[in-house]
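Respectively, the protein sequence lines represent chains F and X. Each residue of the first sequence is one higher than the one before, counting from 111 in this note's numbering. Each residue of the second sequence is one higher than the one before, counting from 41 in this note's numbering. Ideal placement from N, C-alpha and C gives every residue a C-beta, glycine not left out. Scroll down for the structure; my scribbles are underneath it.
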Amino acid sequence: MNITSAQYILSEDENNVILATIDEIEMTVPLTEGNRHYAEIMRQVEAGTLTIAEAD
Amino acid sequence: MSKARQLADLGNQVDDGAITGSNMVINGGMTVAQRGTSATNTTGGGLKTIDRMRYTRSGFVPSLNHSQSTDAPDGFSYSYKVEVATADTIGTSTEYSVIDYNIEAQDLQHLKYGSASAKAVTLSFWVKSNVTGTYAVGINQHDSSRDISSTYTVNASGAWEYKTVTFLGDVSGTINNDNGIGLNIEWPMSTGSNFTGGSNDVWGTADANRWAGHAVSVFETNSNYWQITGVCLNVGDSAIDFPHESYGDTLAKCQRYYEQSYTSLTGSDGKFSAVASTGSNYLQGPTFRVTKRTQPTMLAHDGISEMDGSTSSLTAGSFNHIGLNGALRLSLGGSGRINAQVYRYHWTADAEL
């Protein structure tokens with residue numbers, strides 16, 4: 111899974127989802143451990159190879 | 041065989057759970073291909089055509105053509121075919137590529153893994169390849185990182201062959217009762233030596249027996265192919281007849297893991313109609329046909345159209361408040377949104393394991 115960007119998206123002033131570019135496609139990833147894309151994002155964040163940008 | 045013998049055998053299968061458990065593999069007949077019937081992948085793995093059937097690789101990058109093929113053994117309509125477009129070479133002992141299938145953990149509690157009464161399972165399938173020889177097939181028990189493998193032989197090039205292998209129940213590793221991965225069935229194609237040692241028919245840890253005895257390499261030569269259909273995993277030490285089911289039933293089971301609004305991205309068929317909010321830059325989100333395994337990753341395909349099919353100047357942003365049964369809304373980019381007007385867009389929801 112090639113993740114090239116990730117940014118939190120706010121809803122009602124709380125981080126609600128991550129907008130991520132995965133395998134060259136922009137996807138909305140929910141903040142749910144059981145979601146395989148979220149799990150991979152957090153694995154790469156822990157490994158220091160990916161940073162999730164703060165919401166605009 | 042006498043009727044009395046047949047009834048006695050049937051009774052034994054019921055005792056083993058082979059009948060009541062039926063097939064733990066969804067879409068084993070390769071009938072459902074929501075994403076499309078053909079795809080080429082040059083880099084990453086993932087699910088390409090057939091629902092629930094995945095391609096997984098590490099450090100090994102052949103270019104592959106995936107397809108739902110109408111070439112199938114008698115009694116089946118489709119198979120999953122993987123063909124090498126551009127081969128790669130296994131460079132290190134840790135590189136590998138497999139076709140695999142994940143089963144949800146909470147659907148496997150009847151196997152009683154982690155107890156003395158853990159049940160054996162039998163995997164059966166039809167296979168066809170131009171590469172003859174000994175292949176491994178394994179099961180990875182995800183929660184405990186344990187593996188067991190067996191082997192099968194493709195005897196003749198280009199002929200459908202029926203295979204069955206039985207795996208002992210795992211008395212040590214427990215499958216968590218949750219919506220994560222329970223068992224991962226793995227058909228290795230090309231793999232480094234780290235995974236081919238060890239022993240068959242014995243549960244082990246840390247890849248020790250993962251694909252023991254695998255002696256072929258399908259993806260290291262151009263035009264090699266491997267096809268599979270009729271995949272069945274049942275409780276017990278013998279294979280049951282493949283339990284055919286309706287397309288609608290299989291599709292609904294697949295949609296727990298993946299669903300899309302359309303049958304073809306090139307047309308308007310099934311395009312979701314959504315009302316624009318008043319005062320905010322949102323469109324209504326979809327309700328799913330089938331409750332998802334977990335909150336899914338969602339994608340709105342760009343090209344939001346007007347109700348009459350003409351292209352609007354709006355662009356898709358992100359979905360908000362994604363639940364198991366739908367998403368509340370889709371944020372918009374671009375300009376020109378008209379309050380309470382109906383627009384249309386395509387979406388996908390991915391809750392695969």
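Inset, instruction - Kindly identify the DSSP beta-bridge partner or partners of X:Q267. - result: The residue labelled residue 267 of chain X in the question sits at position 227 within the second sequence. Bridge partners of X:Q267: X:K121, X:K168.
Legend entry - Whole-angstrom distance between X:G237 and X:V194, CA atom to CA atom: As a position in the second sequence, residue 194 of chain X is number 154, starting the count at 1. As a position in the second sequence, residue 237 of chain X is number 197, starting the count at 1. Taking the straight line from one Cα to the other gives about 20 Å.
Inset, instruction - Taking only beta carbons into account, state which residues of the segment 85 to 99 of chain X come closer than 9 Å to chain F, listed in chain order. - result: For the segment 85 to 99 of chain X, the residues whose beta carbon sits under 9 Å from a beta carbon of chain F are, in order, G85, G86.
Inset, instruction - Could you name the residues of the same chain whose beta carbon sits closer than 6 Å to that of X:A58, not counting the 5 residues immediately before and after it, in chain order? - result: Locating residue 58 of chain X in the second sequence gives position 18, where the first residue counts as 1. Caution is warranted here: a pLDDT of 49 is assigned to X:A58, below 50, making its placement in the model unreliable, and no coordinate value can be reported.
Legend entry - Own chain, CB closer than 8 Å to X:D111, minus 5 neighbours either side, in chain order: Counting from one through the second sequence, the residue named residue 111 of chain X turns up at place 71. Its chain contains S119, K121, K168, Q267 as the residues whose beta carbon lies nearer than 8 Å to that of X:D111, once the 5 sequence neighbours on both sides are disregarded; these appear in chain order.
Legend entry - Partners in chain F for X:H106, counting only beta-carbon separations shorter than 9 Å: For the purposes of this step, residue 106 of chain X is identified with residue 66 of the second sequence, where counting begins at 1. Neighbours of X:H106 in chain F, taken as residues at a C-beta separation under 9 Å, are lacking, since the least C-beta distance is about 15 Å.
Inset, instruction - Name, please, each residue of chain X whose Cβ falls closer than 8 Å to the Cβ of F:I135. - result: As a position in the first sequence, residue 135 of chain F is number 25, starting the count at 1. In chain order, L339 make up the part of chain X whose C-beta sits under 8 Å from the C-beta of F:I135.
Inset, instruction - Can you tell me which of X:I344, X:A389, X:L104 puts its alpha carbon nearest to the alpha carbon of X:S375? - result: Position 335 of the second sequence, counted from the first residue, corresponds to residue 375 of chain X. Nearest of X:I344, X:A389, X:L104 to X:S375, Cα basis: X:I344.
Inset, instruction - Just the chain F side, please: which residues come within less than 8 Å of X:G38 by C-beta, in chain order? - result: Here chain X has residues from 41 to 393 only, and residue 38 of chain X is not among them.
Inset, instruction - May I have the straight-line CA-CA distance separating X:G288 from X:T77, to the nearest angstrom? - result: On the second sequence, residue 288 of chain X is found 248 positions in, with the first residue counted as 1. On the second sequence, residue 77 of chain X is found 37 positions in, with the first residue counted as 1. Roughly 18 Å separates the two Cα atoms.
Legend entry - Proximity test, Cβ basis, 9 Å: X:L393 and chain F: The residue given as residue 393 of chain X occupies position 353 in the second sequence. X:L393 counts as touching chain F.
Legend entry - Whether X:N142 touches X:L223 by CB criterion (9 Å): Taking the second sequence and counting its residues from 1, the one referred to as residue 142 of chain X is at position 102. Taking the second sequence and counting its residues from 1, the one referred to as residue 223 of chain X is at position 183. Against a cut-off of 9 Å, the Cβ pair of X:L223 and X:N142 comes out as a contact.
Inset, instruction - Kindly list, in the order they appear in chain F, the residues whose Cβ is closer than 8 Å to that of X:T83. - result: One-based indexing of the second sequence puts residue 83 of chain X at position 43. Around X:T83, the beta-carbon contacts reaching into chain F at under 8 Å are N112, D133.
Legend entry - DSSP three-state assignment for X:D348, whether helix, strand or coil: Stepping through the second sequence from its first residue, residue 348 of chain X is reached at position 308. DSSP places X:D348 in the coil class of the three-state scheme, outside both helix and strand.
Inset, instruction - From the DSSP output, in three-state form, read off X:A79 for me. - result: On the second sequence, position 39 is the one that residue 79 of chain X refers to. For X:A79, the secondary structure class from DSSP, reduced to helix, strand or coil, is strand.
Inset, instruction - Under 7 Å Cβ to Cβ from X:L368, same chain only, skipping five residues before and after it: list those, please. - result: Indexing the second sequence from 1 puts residue 368 of chain X at position 328. Result list for X:L368: G325, N360, H361, in chain order.
Legend entry - Cα-Cα separation between X:R97 and X:D114, rounded to whole angstroms: Start at 1 with the first residue of the second sequence, and residue 97 of chain X comes out as number 57. Start at 1 with the first residue of the second sequence, and residue 114 of chain X comes out as number 74. Roughly 31 Å separates the two Cα atoms.
Inset, instruction - Assign X:K293 to one of three DSSP states: helix, strand, or coil. - result: Start at 1 with the first residue of the second sequence, and residue 293 of chain X comes out as number 253. In the structure shown, X:K293 adopts helical secondary structure according to DSSP, grouped into three states.
Inset, instruction - Determine the contact status of X:E299 and X:D128, defining contact as a CB-CB distance below 9 Å. - result: Here residue 299 of chain X corresponds to residue number 259 of the second sequence, with the count starting at 1. Here residue 128 of chain X corresponds to residue number 88 of the second sequence, with the count starting at 1. Going by C-beta atoms, X:E299 is not nearer than 9 Å to X:D128.
Legend entry - Residue from X:R92, X:I188, X:V101 whose Cα sits closest to the Cα of X:E144: Counted from its first residue, the second sequence places residue 144 of chain X at position 104. The shortest C-alpha separation from X:E144 is found at X:R92.
Inset, instruction - Output the distance between the C-alpha atoms of X:L323 and X:R333, rounded to the nearest integer angstrom. - result: Along the second sequence, one-based indexing puts residue 323 of chain X at 283. Along the second sequence, one-based indexing puts residue 333 of chain X at 293. Approximately 25 Å, taken between the alpha carbons.
Legend entry - Member of X:Y175, X:V171, X:L208, X:S212 whose CA lies at the smallest distance from the CA of X:D183: Taking the first residue of the second sequence as 1, we reach residue 183 of chain X at position 143. Taking only the C-alpha atoms, the option nearest X:D183 is X:S212.
Legend entry - Chain-ordered neighbours of F:N126 on chain X, where CB pairs are closer than 7 Å: The residue you call residue 126 of chain F lines up with position 16 of the first sequence. In chain order: N360, H361.
Legend entry - Bridge partner(s) assigned by DSSP for X:G86: Translated into the one-based positions of the second sequence, residue 86 of chain X becomes position 46. Bridge partners of X:G86 according to DSSP: X:Y95.
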